[in-house]
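With my numbering applied, the sequence shown covers 5 to 634.
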Amino acid sequence: MRAPRGEEPRAMSGRGRGWRARRRGTPIAASYGHVPGVVVRRYLRNRHTLPRYGETRAATGNRKTWCVQHELAVGVVCYQTASSEVEAARTMAEAAPGKIKKEGWLQKRGEHIRNWRDRYFILFDNGDLVGFKTQPERNNYRDPLNKFTVRDCQIMAVDKPRPYTFTIRGLQWTTVIERNFSVETEKEREEWVAAIRSVSQQLSVGGAGAGVAPAFGAPALGGGAPQDCDDNEMAQLGTSFRDPRRVTLEKFEFVKVLGKGTFGKVVLSREKGTGKLYAMKILRKNLIIQKDEVAHTITENQVLKNTKHPFLTALRYSFQTADRVCFVMEYANGGELFFHLSRERSFSEERTRFYGAEIVSALGYLHANGIIYRDLKLENLLLDKDGHIKIADFGLCKVNITYGRTTKTFCGTPEYLAPEVLEDTDYGPAVDWWGVGVVMYEMACGRLPFYNRDHEVLFSLILSEEVRFPRALSVACRGLLAGLLTKEPANRLGAGPDDALEIMNHPFFASINWADLVAKKIPPLFKPQVESETDTRYFDSEFTGESVELTPPDNDSSLARIQEEQFPQFSYQDICSSAHSALSHHSALGDKRQHTRARRLFAGTSALTTCSRGTDGRRVAISTGRRHAS
Numbered sequence: 005m006r007a008p009r010g011e012e013p014r015a016m017s018g019r020g021r022g023w024r025a026r027r028r029g030t031p032i033a034a035s036y037g038h039v040p041g042v043v044v045r046r047y048l049r050n051r052h053t054l055p056r057y058g059e060t061r062a063a064t065g066n067r068k069t070w071c072v073q074h075e076l077a078v079g080v081v082c083y084q085t086a087s088s089e090v091e092a093a094r095t096m097a098e099a100a101p102g103k104i105k106k107e108g109w110l111q112k113r114g115e116h117i118r119n120w121r122d123r124y125f126i127l128f129d130n131g132d133l134v135g136f137k138t139q140p141e142r143n144n145y146r147d148p149l150n151k152f153t154v155r156d157c158q159i160m161a162v163d164k165p166r167p168y169t170f171t172i173r174g175l176q177w178t179t180v181i182e183r184n185f186s187v188e189t190e191k192e193r194e195e196w197v198a199a200i201r202s203v204s205q206q207l208s209v210g211g212a213g214a215g216v217a218p219a220f221g222a223p224a225l226g227g228g229a230p231q232d233c234d235d236n237e238m239a240q241l242g243t244s245f246r247d248p249r250r251v252t253l254e255k256f257e258f259v260k261v262l263g264k265g266t267f268g269k270v271v272l273s274r275e276k277g278t279g280k281l282y283a284m285k286i287l288r289k290n291l292i293i294q295k296d297e298v299a300h301t302i303t304e305n306q307v308l309k310n311t312k313h314p315f316l317t318a319l320r321y322s323f324q325t326a327d328r329v330c331f332v333m334e335y336a337n338g339g340e341l342f343f344h345l346s347r348e349r350s351f352s353e354e355r356t357r358f359y360g361a362e363i364v365s366a367l368g369y370l371h372a373n374g375i376i377y378r379d380l381k382l383e384n385l386l387l388d389k390d391g392h393i394k395i396a397d398f399g400l401c402k403v404n405i406t407y408g409r410t411t412k413t414f415c416g417t418p419e420y421l422a423p424e425v426l427e428d429t430d431y432g433p434a435v436d437w438w439g440v441g442v443v444m445y446e447m448a449c450g451r452l453p454f455y456n457r458d459h460e461v462l463f464s465l466i467l468s469e470e471v472r473f474p475r476a477l478s479v480a481c482r483g484l485l486a487g488l489l490t491k492e493p494a495n496r497l498g499a500g501p502d503d504a505l506e507i508m509n510h511p512f513f514a515s516i517n518w519a520d521l522v523a524k525k526i527p528p529l530f531k532p533q534v535e536s537e538t539d540t541r542y543f544d545s546e547f548t549g550e551s552v553e554l555t556p557p558d559n560d561s562s563l564a565r566i567q568e569e570q571f572p573q574f575s576y577q578d579i580c581s582s583a584h585s586a587l588s589h590h591s592a593l594g595d596k597r598q599h600t601r602a603r604r605l606f607a608g609t610s611a612l613t614t615c616s617r618g619t620d621g622r623r624v625a626i627s628t629g630r631r632h633a634s
């Protein structure tokens, strides 16, 4: 997306990726991956029109990642669920949270896809305003698509953008947020406005105390971060550091700034005790809380703690200070694949096959451990110093989703959204294979399979337009991309119970020895031209020349306490040996053409147990085995 010529674009919401207007043909700051809002480098690409094959892309703007619960925006507390009864029971009690004051059908406007959708809303006397796709059964209020509180809110009757609209406005932490609703008649609007005002006033008179709803948009279930319920299982694996080996900022020497973003910066850092270089993401807690990105940050931390694969970015440490959270990550100094493709316009089929195979291997590993990625795009694909893929940015991952289980969160980047996500239906791991189809199409064809700068038109194309291929593509390549970009998820390549193995056995990958691939025995076709570990030529010089000093923390003790409560059990140290890596699980793979033997590639990881040091310094065995829906 790009601001009109001559206008300064606004900071992007959702994942918080801020950016600035620049001259055509110059680089633009964007996400390094790993953590929301941190920026390093991205070269602009023409997003106004699809370039013809072989045509040089003009620079226009970057793409933003969305994560909203069925068009929910920043600050709204809601619940996404997988399809097991146990998980559904944990999201919200079946019993009504209070006495019903008003209920009925409303149209709610989306905050990102700004269309109107029918929702059945119920207003309770405790201030909860919950919305459902269909009218729920009495005393069964699980799985709401929307959940607000009207305590201390303002409500206004307006007639724009459509008649009989009313707007609810309130604070989420320190940010003012608004939600727009519409009805069919003036009488309906008056009834809803009166009911909401009445509940809000009663709560204000009652004061803050037990049973009183929090501020508009604030978490309604406890003081912690609003998280997916099944993600909480992973969040109980550690406690705070309590020994002399505690990792702190003082144990690192800052070398260069690699990028800056809405929430903080990425700094190339050298560990003083070992001399090793890492990319450290240093994020301000107050900004993460304000932008409602706590759950994404915690999810990313938990996924990184529990996964090891040669083509996934590795986490060495995570820790927090009074006002910041820090991720100490493997440093991939080869830059984003987006950057390299922008320079070369397209890749050969051989190079596309190599990158695609490494991506499929990594996603197959995640799926075997019940994790779907949900944000595959060129900007999240980094290259290490040798030219191997490193998938970054795990903030939109969803855990405990295996074959047959589904989730319903609307999230991702517009150009990469799968049809089932746009259709507001439950979806499973097959969404990642759609993403693989999009990125491999970009590599081989030099453009996106579907694009329009108007998102409504873009989404219509994704849902209904048939993908077209250049004549130069081989039959095998065209067949693979067509299979991955199948609109019906049940018929998509990789959507069956064998998951990644379906894709690995496709003729396009016939020349790939998958065991050698995972062992990095296949040399990359391109090696980044870096002269040393500190060579930052693939990062924007605007950032690498900046001061690495951090802003002193605020002295507000009450704010510090709130921030500490938002990031429980965050700290982590990786002490696993390579013997526990995904490589050892894949080493038994022999003849890649034998389907039964190929199954071993992921069978070994389906009950992966890794060894790590818990945040109190003790060794902890972490199991992320398969789970099936009951």
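Even glycine gets a Cβ: it sits at the ideal position worked out from N, Cα and C.
Grouping DSSP H, G and I as helix and E and B as strand, with all else coil, what is residue i?
i, result
"arginine 451", "coil"
"threonine 252", "coil"
"tyrosine 321", "strand"
"valine 209", "helix"
"alanine 480", "helix"
"phenylalanine 574", "coil"
"asparagine 384", "helix"
"threonine 171", "strand"
"tyrosine 282", "strand"
"aspartate 122", "strand"
"leucine 465", "helix"
"phenylalanine 258", "strand"
"phenylalanine 136", "strand"
"valine 187", "coil"
Closer than 6 Å by C-beta to residue i: which residues in its own chain qualify, once you throw out the five before and the five after it? Chain order, please.
i, result
"glycine 41", "Here the model assigns glycine 41 a pLDDT of 33, short of 50, so the residue's position is not dependable and the matter cannot be decided."
"glutamine 158", "Arg173"
Relative to the C-alpha of residue i, which residue among the options is closest?
i, options, result
"tyrosine 321", "Asn310, Phe315 and Asp327", "Asn310"
"valine 187", "Gly174, Ala161 and Pro101", "Ala161"
"glycine 277", "Leu262, Phe256 and Val261", "Phe256"
"leucine 467", "Tyr420, Phe513, Trp437 and Asp156", "Tyr420"
"lysine 312", "Glu348, Phe258 and Leu370", "Leu370"
"glycine 102", "Pro165, Gly416 and Asn143", "Asn143"
"valine 261", "Val251, Leu281, Arg250 and Thr252", "Leu281"
"glutamate 460", "Pro418, Tyr124, Lys105 and Leu497", "Pro418"
"aspartate 132", "Gly114, Tyr145, Glu141 and Lys151", "Lys151"
"phenylalanine 530", "Val271, Gln206, Thr189 and Phe351", "Phe351"
"lysine 285", "Asn305, Ala299 and Asp296", "Asn305"
"lysine 164", "Gly174, Arg113, Leu127 and Ala198", "Arg113"
"arginine 328", "Ile395, Gly338, Cys157 and Leu253", "Leu253"
"proline 474", "Tyr455, Glu446 and Leu488", "Glu446"
"phenylalanine 414", "Thr189, Ser464, Val425 and Cys157", "Val425"
"glycine 399", "Ile302, Phe463 and Arg409", "Ile302"
Quick check: what's the CA-CA separation for residue i versus residue j?
i, j, result
"valine 203", "valine 134", "14 Å"
"cysteine 449", "glycine 441", "12 Å"
"histidine 392", "aspartate 430", "33 Å"
"aspartate 129", "leucine 291", "32 Å"
"asparagine 184", "threonine 171", "5 Å"
"arginine 274", "cysteine 330", "14 Å"
"isoleucine 200", "isoleucine 293", "26 Å"
"leucine 484", "asparagine 517", "18 Å"
"leucine 521", "threonine 317", "17 Å"
"glycine 338", "histidine 344", "9 Å"
"leucine 380", "glutamate 141", "37 Å"
"glutamine 111", "arginine 121", "5 Å"
"glutamate 506", "alanine 480", "14 Å"
"glycine 432", "alanine 519", "27 Å"
"arginine 355", "aspartate 156", "57 Å"
"glycine 403", "isoleucine 181", "The sequence given here places valine at residue 403; glycine does not occur at that position. Roughly 29 Å separates the two Cα atoms."
Which whole-angstrom value is the C-beta distance of residue i and residue j, which I expect to be below 8 Å?
i, j, result
"phenylalanine 571", "lysine 289", "7 Å"
"leucine 319", "tyrosine 576", "7 Å"
"phenylalanine 358", "glutamate 383", "With 8 Å as the limit, phenylalanine 358 and glutamate 383 do not qualify as a contact, their Cβ atoms being about 19 Å apart."
"phenylalanine 513", "alanine 361", "6 Å"
"proline 532", "leucine 387", "6 Å"
"leucine 477", "tryptophan 438", "Not confirmed; about 19 Å, so no contact."
Looking only at its own chain, which residues have a Cβ that is under 7 Å from the Cβ of residue i, when we skip the five neighbours before and after it?
i, result
"tyrosine 377", "Leu367, Leu370, Cys401 and Asp436"
"alanine 434", "Pro493, Arg496, Gly498 and Ala499"
"leucine 465", "Phe454 and Asn456"
Less than 8 Å between C-beta atoms, sequence neighbours within five positions excluded: which residues of the same chain meet that for residue i?
i, result
"glutamate 107", "Tyr124, Phe125, Ile126 and Leu127"
Any chance the CB of residue i is under 7 Å from a heavy atom of the ligand COA?
i, result
"threonine 171", "Inclusion of the ligand COA in the displayed structure is not the case, the ligand content being empty and no account of it being possible."
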